[in-house]
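Numbering (our numbering), first residue to last: 32 to 183.
(1) Quick test of the definition: if touching needs 3 or more C-beta pairs under 8 Å, does the segment 162 to 180 touch the segment 139 to 154?
(2) Expressed to the nearest angstrom, what Euclidean distance is found between the alpha-carbon atoms of residue 167 and residue 156?
(3) With 16 as the cutoff for other CB atoms within 10 Å, does residue 137 come out buried or exposed?
(4) If you run the structure through DSSP and keep just helix, strand and coil, what is residue 196?
(5) Kindly list the residues whose CB is nearer than 8 Å to the CB of residue 164, restricted to its own chain and excluding five residues on each side of it in sequence; keep chain order.
(6) Assign residue 179 to buried or exposed, taking buried as 16 or more other Cβ atoms, counted over all protein chains shown, within 10 Å of its Cβ.
(7) Using 10 angstroms around the beta-carbon of residue 132, count the other beta-carbons present and answer buried if the total reaches 16, otherwise exposed.
(8) Would residue 53 be called buried (16 or more neighbouring beta carbons within 10 Å of its own) or exposed?
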C-alpha cells in the first residue's frame, strides 16, 4: 500500500510539473471587434508585434466584427480565463453594456479586467480645403440656411 501511495504521489507531482509551463506556451489571441484596416485593428497589429517580441510567442490578431464589437466581446467572455484570449476594444465595450442592459450581454466591470490603456483616438471633423466652413458653427449655420443640402 505504501508503494502504491508513493507511486501515486510521484505521478501527481509529475503531472503538476508538466502543467506548470511558462506563459505563454502557445500563441495568444488578440480579438478585435472591428474590421481589418480600421484604427482599432491597426493599433492591435502594432501592439501584437511588440507583444510577440516581448513574450517570445506569436500573438494572432483575430477580427470578429459586428454589433459594435459585441460579437468579439462575447467571444472573449466565453473564452477560458487562461490569458490566451485578449480583447482589444474601444469604449463601445462599456456602451454596449449600458445600451443593452435589459439583455445583460455582459458586465464590463465583473466579466473583464482592464490590462492597459493603449491609445487615445481623437475624432475630428474635416472638410475640403476650399469649403466655406471654418468651424462647426459655420456648418450648423449652413445646414439651417439650406436644409437637406449639407451632409455630415
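Backbone N, C-alpha and C fix where the C-beta goes; we use that ideal spot for every residue, glycine too.
Looking at the coordinates:
(1) The answer is no - the segment 139 to 154 does not touch the segment 162 to 180, with fewer than three Cβ pairs under 8 Å.
(2) Between residue 167 and residue 156, the C-alpha separation is close to 8 Å.
(3) By the 10 Å Cβ count, residue 137 comes out buried.
(4) Past the boundaries of the shown model lies residue 196; the chain is included only from 32 to 183, so the question cannot be answered.
(5) Taking C-beta separations shorter than 8 Å and ignoring five residues to either side along the sequence, the partners of residue 164 in its chain run 158, 170, 173, following chain order.
(6) So residue 179 ends up on the exposed side.
(7) Exposed: under 16 other Cβ atoms inside 10 Å.
(8) That one is exposed.
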